[in-house]
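Note sheet for the following structure.
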Amino acid sequence: MLADVWLVTDKDLRIEWRSRVTLSQVVPFALTVLVLFGFALDANRGVLNAATSGLFWLTVLFVTVVAVARSTAIETADGARRALLLAGIEPAAVFFGKTLAVALQLLGVEILMVGGVLVFYGTTVESLPLLLATCAVATVGIAASGTLLGALVAGVRARETVLPILLLPLLAPVLIAASRAFDDALGVLAVDGWAWLGLLGGFGVVNAALGTLAYGRLLEEA
Amino acid sequence: MSAGTAGTGTGAAGTGAAGTGTGTMSTGDRRDEAATTGSRGTRLLGLGVLVGVVALILLGFFAAPADDEQRDAVRMIFVHVPSAFLTYTALLTTAVGSVMWLWKRSRWWDIVAHSAAEMGVIFCGLTLFTGSVWGRPTWNTYWDWGDVRLVTTLILLLMMVGYLALRAAGGDENAVATRAAVVGLLAAVNLPIINRSVEWWANRTLHQKSSLTDGNLEDLTLFTLFVGIVVWALFFVWAMVHRFRIGWLEHQLASVELEAALVQRRAEASAGSAEEASL
Amino acid sequence: MSIVVLRDAVVLLGRFPALSGVDLEIGAAEVVLLQGPNGAGKSTLLRLCAGLLRPHSGTSVVLGHDLSKSRAVVRRSVGLLGHDTALYDDLTVTENLQFLARAARIELEEVGSALDRLGVAARLHDVVVGRLSAGQRRRVALAGVALRRPELWLLDEPHAGLDQGGRDLVDGLVSEAAAGGATVLVASHELDRTLALKTRRVTVAGGTITADVVDACAVDTDSVDTDSADTDSVDTDSVDTDVVDACAVDTDVVDACAVDTDSADTDSVEADVTGVAGGRGS
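Residue numbers (my numbering), protein chains in the order written: chain A, 1 to 222; chain B, 223 to 501; chain C, 502 to 783.
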């Protein structure tokens, strides 16, 4: 099982490394959005500072839509989904493998974005452990639900538009929770960031569990 | 206001049912019995709903007194509370239907899930509408981000709209059912998390703690509210039955069409072999 | 034991009955040629047998498993070559096959030999699949099927886009698989090609079976096949002549066969069998 999970992750990351979609398109996209938020909220540092956590995670959600669409495209091109079915890998292993690959890519983008926020928004970090833990836990939940919905829309004709309208409302609690945890980590608000982290964990567990159960059916039928 | 919504609501649905009845009949063969969504039971039920609505209008607008603080706006709860209750009933029904489709592959449950989701969107919209209209005179704002239940319900509405959009996107029937079932389940299992996150986020809640239990309401108002819940629930069941039957008729039509398609497809075969023989 | 048992099998693609009631029984080690016009349902039949489609009605049992229930088990034991090659464009040839090998718990060393057998040059092994020509791609995909040593081979137009050498290799591969006890279903338009390896021809039209002929020469090919399996590779050439002769004799008897044999030049038949020998040798 674990070997199969890694097999799928390794494959997806290799493909990413070859095509460099994340590196050459997603990262610039994320940084552009951050910069544009800077323009939209003026150079008024007060507003920007208060809004940093929310803007950061909103950008992550946009990036997620792009990353999941890409992760899905790998399996829909040239009958690769069929190959995945015929290969005889457990659907749950495929699910976790793809989730892990998406999560690792998102984490990479997030780390670069933290750098961007520090530079452009003049943010300071108060609690690095909380910041990193938030990124890690939130990203697992985001990647799990994203991968599940990615497989779900794989066979839909208008999947480019259906994916965001399904994914973004679902990620609303992640946006709320991760932003508040970041508020704490960046010292913007005096809230208990670690409690929010628990909520993020709950989100991840619930959606990963549902994904484990449903992924096979979606792979086969969608 | 509430009575107006209720009256037009039932009226429109009533004509809607008649319309669909003739609609299915006109699609072709005279399968009179099957080709209508009405039956003696639903007509009786519909009549009951009509009577109930009249009673609710009388009770809600004339019998029940205005509230000391909320004034006439309190009458909104005769629509607001029942529709909120029915929104979550619909979501639960969709979730059960989704599980049954994934588990038993039962088309019946798939149609139940779909019908309930449509009803859910209607009642969810009604909940948000009445909530914000009620909020205007009471809190002096249409929308308050501090109201946990309303914000949660808004996110739910967005997810259910996504559910229907996914259904509308079409494709292979079985695939659509499976996709929709997973989305229905996602919405249901994430609801507690959404609610919790909004609650912590808002930190405090403006929402009436619970209109039913805090004893602020007059007895007659409370009674009217219960009548409202019963009447709206009956309407829900009535509309649901009709919506379900439309879905079921579509399913049957698909089966009939399939038989024709099979005959046509097999005819291709004999045409092909005849051609071959003549060569 | 029957490898494929279909009774009135109906398969829907959306609402379209791509298969409108197929009755087909295929035994172990049979080589079956599926023929029929475009849109007849050949590809759907292959995908059904691969466990990729849920039958709508009727009985569908493949390798002893009911397709309406346990398709995942079936999928592990079949090899399907479809119209699309089901390879990842951004992975190299070796990486693609290693992925398949790891997933199927096959030794990685076999990847090299599978590629060799399909004549994929060593210089291509580390090239990204997206840069290969259509023919090279197809060879790699075939190597992927061969690698898995499936019990049931399902080949959809395997000769399409291949050069002469590639086509010979395909024929060799099929004969070899059948000799090794595997069952092979080939959907093909190229009658002249597939004649060399036919045993049984099934005609599909309108999503159902319209003809099912066991060719007389097929029986001969079969027996010769077994012969050649026993004979040393040195002797194979002489046996080849027998095959052609046997067929020629049959030609007089069976009309349908004669038509096909005319279009198939004797050279290619010989080449095919040489391909078999070559394949075995490596």
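Just so it is clear, CB atoms sit at the ideal spot from N, CA and C, and this is done for glycine as well. As the structure is a prediction and not an experimental result, all values here were calculated from the model.
- Unbroken alpha helix (DSSP H) runs of no fewer than 4 residues, entirely contained in the region 270–343 of chain B, are found at 299–326, following chain order.
- Excluding five sequence positions before and after ASP332 (chain B), the CB atoms of its chain that fall closer than 6 Å to its own CB belong to TRP323, ALA399, given in chain order.
- Within the same chain, VAL512, LEU513, GLY542, THR545, GLY708 come within 8 Å of ALA519 (chain C) by CB-CB distance, once the 5 residues on both sides are set aside.
- Using a CB distance cut-off of 8 Å, GLU596 (chain C) counts as an interface residue toward chain A.
- Taking the CA atoms as reference points, LEU34 (chain A) sits about 45 Å from ARG624 (chain C).
- Within the same chain, no Cβ atom closer than 6 Å to the Cβ of ASP192 (chain A) is found once the five residues on either side in sequence are excluded.
- Put simply, the CB of LEU484 (chain B) is near chain C, with a gap under 8 Å to one of its CB atoms.
- Counting only the Cα atoms, PRO129 (chain A) lies some 10 Å from CYS135 (chain A).
- If you look at TRP196 (chain A), you'll find it in the alpha helix (DSSP H) that goes 193–221.
- Between ALA83 (chain A) and ALA587 (chain C), the beta carbon gap of about 4 Å places them in contact (Cβ cut-off 8 Å).
- For ILE710 (chain C), the pairing in a beta bridge is given by DSSP as C:VAL705.
- Excluding five sequence positions before and after VAL271 (chain B), the CB atoms of its chain that fall closer than 7 Å to its own CB belong to THR232, VAL453, LEU456, PHE457, TRP460, given in chain order.
- Under DSSP, PHE517 (chain C) forms a beta bridge with C:LEU514.
- Boundaries of the alpha helix (DSSP H) around VAL575 (chain C): 572–578.
- Look at LEU507 (chain C) here: in three-state DSSP terms it is strand.
- Runs of the alpha helix (DSSP H) lying entirely within the region 91–147 of chain A, each at least 4 residues long, are 91–120 in chain order.
- In this structure, C:ILE527 is the residue among C:GLY522, C:ILE527, C:SER558, C:GLY515 with its C-alpha nearest to the C-alpha of VAL506 (chain C).
- Within 9 Å of the CB of ASP394 (chain B), the CB atoms of chain C belong to LEU513, LEU514, GLY515, ARG516, in sequence order along the chain.
- Its chain contains VAL117, TYR121, THR123, PHE182, LEU186, VAL188 as the residues whose beta carbon lies nearer than 8 Å to that of THR52 (chain A), once the 5 sequence neighbours on both sides are disregarded; these appear in chain order.
- Boundaries cannot be given for VAL628 (chain C), as no alpha helix (DSSP H) includes it and DSSP labels it neither H nor E.
- The count of Cβ pairs closer than 8 Å, one atom from the region 576–591 of chain C and one from the region 650–660 of chain C, reaches three, so the stretches are in contact.
- A direct Cα-Cα distance of roughly 37 Å separates GLU75 (chain A) from THR311 (chain B).
- Under the Cβ distance rule, GLY384 (chain B) counts among the residues neighbouring chain A, one pair being separated by less than 8 Å.
- Check the Cα spacing between LEU619 (chain C) and each of C:THR700, C:ASP672, C:ASP524, C:GLU608: the tightest is with C:ASP672.
- Buried is the label assigned to LYS11 (chain A), since at least 16 other Cβ atoms lie within 10 Å of its Cβ.
- Looking at B:ARG293, B:ASP289, B:ARG297, B:GLN292, the one whose alpha-carbon comes closest to that of LEU281 (chain B) is B:ARG297.
- Listed by position along chain A, the residues whose Cβ is nearer than 7 Å to that of ARG603 (chain C) are LEU7.
- Per the DSSP secondary-structure output, ASP42 (chain A) pairs with nothing in a beta bridge.
- When DSSP states are grouped into helix, strand and coil, ASP672 (chain C) belongs to the helix group.
- The beta-carbon of ILE89 (chain A) is placed no less than 8 Å from the nearest beta-carbon of chain B.
- Boundaries of the beta strand (DSSP E) harbouring VAL562 (chain C): 558–563, taken from the DSSP string.
- When secondary structure is reduced to three states using DSSP, HIS566 (chain C) falls in the strand class.
- At the C-beta level, LEU407 (chain B) and SER320 (chain B) come within 8 Å of one another.
- Chain-order list of chain A residues neighbouring VAL404 (chain B): LEU148, LEU152, LEU210, ALA214, ARG217, LEU218, by C-beta distance under 8 Å.
- Between the region 23–34 of chain A and the region 634–649 of chain C there are fewer than three inter-stretch CB-CB distances shorter than 8 Å, so the stretches are not counted as touching.
- If you look at LEU588 (chain C), you'll find it isn't in any beta strand (DSSP E); DSSP assigns it neither H nor E.
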